[in-house]
Every structure is written in C-alpha cells, then in structure tokens.
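Below is one structure, written out as structure tokens, with a few remarks after it.
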Amino acid sequence: MKSLSQKLLLGLLIFACAVGFMWEFFELPTAKNRIAQLPLVKKGYIGREIGLTDSELSFFQGVTVVKRVYNVGNQKCFITILDGTRNRHAVHDPFYCYRGDGWTLLEKVPLKVPGGTAEILRMEKNGVVSESMYWFSNGQTRHASMFLYLWQATIRRLTLGRSGEEPIRITVAPIEGNTLDWNAVVANFPELFEL
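Going by my numbering, the first residue of the sequence shown is number 662, and it counts up by one from there.
Here is the structure:
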C-alpha cells in the first residue's frame, strides 16, 4: 500500500512539474494593445513619452512599461503603467519604490474611480509631505490590492488567459507641488480609467 501511494505521489509530482514547465513556454497575450489606446493628446490633457533610466530598464526586464508626463487641466503629473504579463514579479505595490527612496507612509486613502477604487499614498520625507495615486486594472475593474493583483495574474496563467485580461498597474504622481486634485484627474482624464 505504501508503495502505491508513493507511486501516486511521484506521478503527481512529475505531472505538476511537466505542466509547470509547459506554462513557462505558453505565451499569454499582453496588455500592450490596451495600454497603447491611451492617447497622448485629447481635450483636457496633453502628454509626452519619457524614456526609462538604465536602472528601470534593468529592473523592469520583460515588463511593458509606459512612462509619460501629462498636463491634465492645469496640473502636471507623471503616469507610469506596468504590464507584468512576461514578468509579474516586477509589478509591485508602488510604496516599495518610495520606501526605497526614503519616504515614510503616513496613510493610505481609498478614492472611488470609474469601475472600482484607487488608493492615494500620503508620504513624508525630510519634512515634505507628498501624495501618489495607484490602482490595478484588468480593463473591467479597478482596485488597489496587491493580493488581488497576484490572484488575478495567477488565475490568468492557470487558465492560459481564459479568465480575462492581464491586470496592469497605473501610478499617477504630481510633478509640481506635493499633491494633485485627484477628483479633477478622474474627471478630466476618463481614458486613464478605461485601461
């Protein structure tokens, strides 16, 4: 009996390894086309592409990254979009980078956006308080949960893409000043919340 259970366990292990190996080589469709639909110019905003630094190119290997500067109404902001279809481990809670740059988290504030909720990070560094907003989107729903992002990405891989679109992370941060009128960003830049 012990021999049979060991054989079954070994067979299951070999099967799991084979399936895992095959998944590594199955190319899932990326969110690149979805991201490309975000216009640079439209009524209410104008933007331009920003190149990635050498360290960003190294860190985001395999990740589709869009980095832009936009004037939204009378506000200027950075927008970064990450598609981790080819390397989901590089997609992370944005506070990870802020903490690495010396920022301390003061609070997380949820903000209702079309299709769900984004999160505003209020941070402090050397007496300066600043904010940043982020969310994950699969094209249908928006949320700020890293756990839910990982769950969606994992289920998508297990179902070979049949569970829906790849979730992407979108981050918006002020260029001038320490904060933005977040409700004005939501109102004046609806295409950002359609990705």
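We treat Cβ as the ideally placed atom computed from N, Cα and C, and that holds for glycine. A quick note: this is a predicted structure, and the numbers were derived from the prediction, not measured.
Alpha-carbon spacing of residue i relative to residue j, whole angstroms
i, j, result
"Gly777", "Leu718", "30 Å"
"Cys738", "Ile696", "18 Å"
"Phe797", "Thr820", "20 Å"
"Phe720", "His750", "10 Å"
"Thr664", "Val680", "In the sequence as presented, Thr is not what sits at residue 664; that position holds Ser. The straight-line gap from Cα to Cα measures roughly 24 Å."
"Arg783", "Gly838", "13 Å"
"Gln813", "Val733", "30 Å"
"Gly672", "Ser666", "10 Å"
"Pro771", "Pro835", "17 Å"
"Lys704", "Asn844", "17 Å"
Three-state class that DSSP yields for residue i in the structure shown
i, result
"Gln736", "strand"
"Thr741", "strand"
"Pro851", "helix"
"Val724", "coil"
"Leu713", "coil"
"Ala751", "helix"
"Ile836", "coil"
"Ser719", "helix"
Contact set for residue i: own chain, Cβ-Cβ below 6 Å, skip 5 residues either direction
i, result
"Thr840", "Glu792"
Close Cβ partners of residue i (< 8 Å) along its chain, the five nearest in sequence each way excluded
i, result
"Thr691", "Thr725, Asp744, Thr746, Arg747, Glu827"
"Thr802", "Gly776, Gly777"
"Gly825", "Asn799, Gly800, Gln801, Gln813, Arg817"
Counted within 10 angstroms of its Cβ, other Cβ atoms place residue i as buried (16 or more) or exposed
i, result
"Val752", "buried"
"Gln698", "exposed"
"Leu669", "exposed"
"Val790", "exposed"
"Arg830", "buried"
"Phe687", "exposed"
Cβ-based neighbour list, residue i, same chain, cut-off 7 Å, excluding 5 preceding and 5 following
i, result
"His804", "Gly777, Thr778, Trp796, Phe797"
"Arg893", "This structure cannot settle anything about residue 893, because the visible part of the chain is limited to 662 through 856."
One or two residues paired with residue i in a DSSP bridge
i, result
"His804", "Phe797"
"Gly708", "Tyr731"
"Ala697", "For Ala697, which the question treats as bridged, DSSP gives no partner whatsoever."
"Gly776", "According to DSSP, which records beta bridges pairwise, Gly776 is partnered with nothing at all."
"Ile829", "Asp744, Ser798"
C-beta neighbour in chain D for residue i, strict 9 Å
i, result
"Gln813", "The chain inventory of the structure shown lacks chain D, comprising one protein chain alone."
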